[in-house]
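All the letters of the sequence shown, read from the start, carry residue numbers 4 to 633 under the working numbering.
Below: one structure, written as structure tokens.
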Amino acid sequence: MVKQEFKAESKRLLEMMINSIYTQREIFLRELISNASDAIDKIYYKALTDDNIAFNAADYFVKITADKENRTLTLADTGIGMTREELETNLGVIAKSGSLSFKKENESKDGHNIIGQFGVGFYAAFMVADRVTVTSRALGSAEAFQWESEGADGYTIVPADKAAVGTEIVLHIKPNTEDDNYDEFLEEYRLRAIVKKYSDFIRYPIKMDIKGQRPKADAAEGAEPEFESYVEEQTINSMVPIWRKNKSELTDADYEQFYHEKRYGFDKPLKHIHISADGAVVYRAILYVPESTPFDYYTKEFEKGLELYSNGVLIMDKCADLLPDYFSFVKGMVDSEDLSLNISREMLQHDRQLTLIAKNIKNKIKSTLLSLLKDERDNYEKFYKSFGRQLKFGVYGDYGMNKDVLQDLLLFHSSKENKLVSLDEYIARMPEDQKFIYYASGSSIERIEKLPQTELVSDKGYEILYFTDDIDEFAIKSIMTYKEKTFKSVSSGDLGIEPDADDDKPEAEEAGSKALFEQMQTLLGGKVTKVKASKRLKSHPVCLTSEGELSIEMEKILSAMPNNENVHAEKVLEINVNHPVFQSLKEAAEKDNEKLNLYTQLLYNQALLIEGLPIQDPVAFTNDICKVMV
């Protein structure tokens with residue numbers, strides 16, 4: 004028996020296989036099972052064109068057997084087998100894929116597709132085995148041959164005895180080391196878990212002999228039960244995945260069970276999406292919109308992505324490229340036969356197929372959410388309570404590039420409806436004379452309702468959207484306009500509301516009290532850019548508004564961030580000239596500059612408190628109050 008050497012390039016590739024191509028050792032079992040499935044598929048293809056071959060699905064399976072005593076793990080299949088020449092070609096030359104050659108020669112039929120492409124998966128066995136023995140008998144041959152190798156040093160091929168067509172692979176599992184536990188690959192529970200994770204939906208049965216204990220049948224009545232050990236062959240994979248079934252065969256309970264089986268979440272999904280696409284790219288998907296957020300959803304630790312299968316074999320636990328960040332809450336899986344995989348089948352090569360699938364999934368998620376908003380409002384609001392913040396981040400992110408995708412999905416609390424409303428619903432009931440979409444920002448609905456700045460807009464009968472999330476105003480700034488209507492904060496300098504014909508007092512006082520307002524601005528020492536008579540205040544004496552793009556609420560949010568750049572809004576102090584306080588200001592300006600300074604500081608600090616902004620000197624503020632009281 005002469006040992007044959009791998010070719011130099013094959014030897015180097017084998018060393019890479021063992022040490023670096025695969026990131027997890029458990030992948031070896033997925034690769035060997037996939038090869039076994041391919042071998043059975045090849046008989047299926049042959050049967051399509053050869054009447055002498057009868058393909059009875061019940062006769063084809065993969066069998067896994069672990070022998071702890073001899074430290075061997077055996078995978079046997081009833082597939083097409085290999086001749087001596089095929090053993091030499093497929094196993095003696097690494098990266099020479101017999102499956103790829105067969106695939107090129109035989110077009111896919113009836114949904115059966117061979118996924119082996121690179122011819123390297125078999126060698127993943129050497130990550131856990133120090134010797135691999137392959138015994139195979141090819142379809143139509145009376146001879147069998149045994150290929151054996153201990154790794155990069157080479158291999159032998161000798162005649163062997165094998166009664167049935169197919170291939171048997173025996174892995175001699177490595178001994179444990181200080182750092183590595185190889186015993187796990189001889190444990191029944193571990194092998195079942197690996198099969199369930201990666202190969203649960205291989206279309207042929209994967210069988211194992213399962214050990215157990217049961218009460219003895221002949222135990223005496225009333226005696227302590229005695230147990231006996233038994234071994235039972237069981238099929239450990241599901242075989243037919245739910246996504247390959249017709250939607251008409253499935254119920255909501257089936258989808259919910261799959262959601263929990265795959266551990267996508269512990270909640271009950273609000274909506275499922277079942278996609279069967281046969282256009283430019285062929286794929287199937289089952290997606291879920293969860294009801295509640297995972298505990299780590301709004302943290303850096305959260306990892307988005309869908310499970311990705313290639314022809315029923317799990318390739319990636321979380322394929323992030325299939326979901327945009329703003330839909331990262333979606334759970335589920337995608338299975339496609341058209342994917343371009345890299346050599347380890349653990350990662351995708353970024354190609355047109357992946358891009359097309361991701362685009363289709365994005366559009367499907369959006370249309371499903373719009374349907375939920377229209378037809379199942381209560382469920383949509385449950386969803387929005389959990390994930391609305393993520394949609395707003397999506398609007399704001401990437402410089403507003405995704406606003407057209409997301410703006411119709413946004414909801415905000417309404418001053419008129421006292422509930423969440425969409426931008427479309429707001430626009431639909433706007434009075435003809437209303438120029439802008441008005442909004443007010445604050446830490447809560449209760450605080451916003453008490454803001455002095457809302458008085459004029461409310462008196463005109465205009466609806467106000469309440470922004471209570473720190474991201475709200477930033478998102479709206481990214482949208483800018485919705486259905487040709489511009490957004491306008493109730494705290495902005497110009498509300499675009501014409502005053503009533505008989506209400507020209509603010510403008511008159513503005514002109515007559517120019518010196519007073521300039522003096523107050525000077526007394527505030529640059530804290531405001533202007534003091535002016537207010538057109539918006541009705542019952543309150545004072546408020547702060549802003550000019551420019553940065554609002555006061557945005558200033559508060561940015562100031563709370565680490566490493567903030569100390570940015571400030573251009574604040575304007577507005578005085579209600581119809582309030583008795585204004586008369587006191589005028590009298591003080593005429594008679595007592597010290598009192599004018601006292602009143603000015605009090606009004607400014609009062610405006611800060613109304614806005615929820617900190618007072619620079621609380622002690623001075625309390626002392627000023629005491630002076631007024633005295």
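Virtual Cβ for every residue (Gly too), placed ideally from N, Cα, C.
DSSP places I289 in the uninterrupted beta strand (DSSP E) bounded by V285 to V292. Here the C-alpha atom of V584 lies approximately 23 Å from the C-alpha atom of P617. The alpha helix (DSSP H) runs of length 4 or more contained entirely in the region 134-187 do not exist; there are none. R217: member of the beta strand (DSSP E) spanning I209 to P218, first to last residue. In the structure shown, H277 falls within a strand segment according to DSSP collapsed to helix, strand and coil. Taking 4 residues as the shortest admissible run, the region 514-564 contains the following complete alpha helix (DSSP H) segments, listed from N- to C-terminal end: 517-526 and 555-562. With contacts defined by Cβ atoms closer than 7 Å, V198 and K214 do not form a contacting pair. The region 355-368 makes no contact with the region 432-442; the number of CB pairs closer than 8 Å stays below 3. Under DSSP, C322 forms a beta bridge with L309. The residues Q524 and V575, in chain order, have a CB closer than 7 Å to that of K533 in the same chain once the five nearest residues on each side in sequence are set aside. DSSP lists F490 as the bridge partner or partners of I440. When Cβ pairs closer than 8 Å are counted between the two stretches, the region 49-67 is seen not to touch the region 145-153, the count staying below three. For M632, the enclosing alpha helix (DSSP H) starts and ends at P621 to M632. Judged by DSSP secondary structure, Q393 falls within the alpha helix (DSSP H) whose first and last residues are R380 to Y399. At the C-beta level, S313 and L342 come within 7 Å of one another. Residue pairing for L423: DSSP places it in a beta bridge opposite H416.
Around the beta-carbon of N579, 16 or more other beta-carbon atoms lie within 10 Å, marking it buried. Going by beta carbons, I205 and I239 fall outside the 7 Å limit. Per DSSP, the unbroken beta strand (DSSP E) holding Y469 starts and ends at I467 to F470. Counting only the Cα atoms, N608 lies some 23 Å from T471. Here F129 carries a helix assignment [DSSP, helix/strand/coil].
Under the DSSP assignment, A69 falls in the beta strand (DSSP E) whose first and last residues are V65 to D70. Taking all protein chains in view, the Cβ of I245 is crowded by 16 or more other Cβ atoms within 10 Å, so the residue is classified as buried. Here Q237 is bridged, per DSSP, to M211.
Here DSSP, grouped into helix, strand and coil, assigns L32 to helix. Boundaries of the beta strand (DSSP E) around K334: K334 to S339.
For A591, the enclosing alpha helix (DSSP H) starts and ends at P583 to K594. Scanning its chain for C-beta atoms nearer than 7 Å, with the 5 sequence neighbours on each side dropped, one finds around E512 the residues A536 and V580, in chain order.
For the 7 Å CB-CB criterion, I176 and Y185 form a contact. Between the region 370-390 and the region 445-463, the count of Cβ pairs shorter than 8 Å is below three; the stretches do not touch. As computed with DSSP, D80 is found in a beta bridge with V65 and T170. If you ignore the 5 residues before and after I83, its C-beta comes within less than 6 Å of the C-beta of A42, K45, I46 and L142, all in its own chain and listed in chain order.
Residues T77 and D212 of the same chain have their beta carbon placed closer than 7 Å to that of T68, with the five preceding and five following residues left out of the count. Between the region 290-310 and the region 419-426, the count of C-beta pairs closer than 8 Å stays below three; the two stretches do not touch.
A132 sits away from E18, with the two beta carbons spaced by 7 Å or more. The continuous alpha helix (DSSP H) containing K480 extends over residues D475 to I482.
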